[in-house]
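To start, the structure itself, in structure tokens.
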């Protein structure tokens, strides 16, 4: 299932993962929600629990509530495992995990080159994984699962979510987002736009129209960045230094010779 967002003819938010009154997906057993992939080897690497100082953040990013650095670092390290797997596939090395009640219930990494789909960012892949699992566990598998369960979930990602992904996180209702390095060109959590604090207006509206429909905006989410930021930057730098073999080849201008 793919996550989609937009607005209907009445200007109401439309989100493919929502439904009026399905049972909460988190009501299923935690054992069923877990098991996206065995994590024993990954967790074994986390015993050292290094402490990485949080980098100086933009004023718009909220820093309150960071209480358990060891737990945060554990899940950030799992997100970096996903990012390295993306790098091995010659994808932009960004990875993420979705966590509920201390357990990873979804994970994802960039696969835009593999799918030739520019929307398949790590966050979108992880969201789709969880929605698909919830749909399989649902008593009504033919009905799109509710996104209500994301209100009890946190997402850990190696790079600040882009504007598209930040909007999806706002629409989904995530509780809190932790990320590594800033995304100065496309970041939707303080670097370019402040979707994390401002929320997301219905799709297709101009800036002025969005201000007139303030009541239709989704709520924002708490967002904290700077975890393992140097490592995130080094991964991205390594990818671009080796060259993106899947990038479109530039077209050189054709030289036309005129005959006399």
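Numbering (UniProt numbering), first residue to last: 1 to 260. Each residue gets a CB set at the ideal place from its N, CA and C atoms; glycine is no exception.
Distance check for residue j and residue i, CA to CA, integer angstroms please.
{"i": "residue 70", "j": "residue 87", "result": "26 Å"}
{"i": "residue 216", "j": "residue 241", "result": "43 Å"}
{"i": "residue 178", "j": "residue 212", "result": "31 Å"}
{"i": "residue 85", "j": "residue 146", "result": "30 Å"}
{"i": "residue 129", "j": "residue 102", "result": "18 Å"}
{"i": "residue 120", "j": "residue 111", "result": "6 Å"}
{"i": "residue 243", "j": "residue 231", "result": "19 Å"}
{"i": "residue 219", "j": "residue 116", "result": "31 Å"}
{"i": "residue 82", "j": "residue 94", "result": "7 Å"}
{"i": "residue 196", "j": "residue 137", "result": "30 Å"}
{"i": "residue 161", "j": "residue 191", "result": "10 Å"}
{"i": "residue 236", "j": "residue 157", "result": "13 Å"}
{"i": "residue 127", "j": "residue 171", "result": "12 Å"}
{"i": "residue 193", "j": "residue 125", "result": "22 Å"}
{"i": "residue 187", "j": "residue 73", "result": "22 Å"}
{"i": "residue 198", "j": "residue 214", "result": "10 Å"}
{"i": "residue 223", "j": "residue 139", "result": "33 Å"}
{"i": "residue 78", "j": "residue 135", "result": "25 Å"}
{"i": "residue 100", "j": "residue 227", "result": "19 Å"}
Grouping DSSP H, G and I as helix and E and B as strand, with all else coil, what is residue i?
{"i": "residue 90", "result": "coil"}
{"i": "residue 138", "result": "coil"}
{"i": "residue 108", "result": "strand"}
{"i": "residue 158", "result": "strand"}
{"i": "residue 97", "result": "strand"}
{"i": "residue 224", "result": "strand"}
{"i": "residue 187", "result": "strand"}
{"i": "residue 18", "result": "Summary for residue 18: the model assigns pLDDT 38, below 50, so the residue's position carries little reliability; its value from the coordinates is reported in the next sentence. Three-state result, residue 18: coil."}
{"i": "residue 192", "result": "coil"}
Exposed or buried, which one is residue i when buried takes at least 16 other CB atoms within 10 Å?
{"i": "residue 143", "result": "exposed"}
{"i": "residue 262", "result": "As shown, the chain starts at 1 and ends at 260. That puts residue 262 outside it, with no answer to give."}
{"i": "residue 141", "result": "exposed"}
{"i": "residue 20", "result": "Summary for residue 20: the model assigns pLDDT 37, below 50, so the residue's position carries little reliability, and this model does not support an answer."}
{"i": "residue 208", "result": "exposed"}
{"i": "residue 68", "result": "exposed"}
{"i": "residue 123", "result": "buried"}
{"i": "residue 38", "result": "Interpretation of residue 38 is limited by its pLDDT of 43, a score under 50 that renders its predicted location unreliable; no figure is taken from the coordinates."}
{"i": "residue 229", "result": "buried"}
Find the nearest neighbour of residue i within the set the options, judged by alpha-carbon distance.
{"i": "residue 239", "options": "92, 118, 111", "result": "92"}
{"i": "residue 200", "options": "96, 243, 221", "result": "221"}
{"i": "residue 159", "options": "203, 108, 243, 153", "result": "108"}
{"i": "residue 167", "options": "155, 208, 189, 184", "result": "189"}
{"i": "residue 151", "options": "98, 68, 161, 122", "result": "98"}
{"i": "residue 149", "options": "76, 198, 174", "result": "174"}
{"i": "residue 90", "options": "73, 113, 134", "result": "113"}
{"i": "residue 234", "options": "135, 80, 186", "result": "80"}
{"i": "residue 203", "options": "133, 163, 192, 154", "result": "163"}
{"i": "residue 184", "options": "171, 77, 138, 225", "result": "225"}
{"i": "residue 153", "options": "139, 96, 194", "result": "96"}
{"i": "residue 132", "options": "106, 156, 228", "result": "106"}
{"i": "residue 76", "options": "125, 180, 134", "result": "180"}
{"i": "residue 118", "options": "165, 198, 100", "result": "165"}
{"i": "residue 104", "options": "169, 155, 134, 139", "result": "155"}
Would you give the residue range spanned by the alpha helix (DSSP H) that residue i belongs to?
{"i": "residue 198", "result": "195 to 198"}
{"i": "residue 180", "result": "That residue, residue 180, is in no alpha helix (DSSP H); its beta strand (DSSP E) goes 176 to 181."}
{"i": "residue 234", "result": "229 to 242"}
{"i": "residue 166", "result": "163 to 172"}
At a Cβ threshold of 9 Å, is residue i touching chain D?
{"i": "residue 78", "result": "Of the protein chains in the structure, only one exists, and it is not chain D."}
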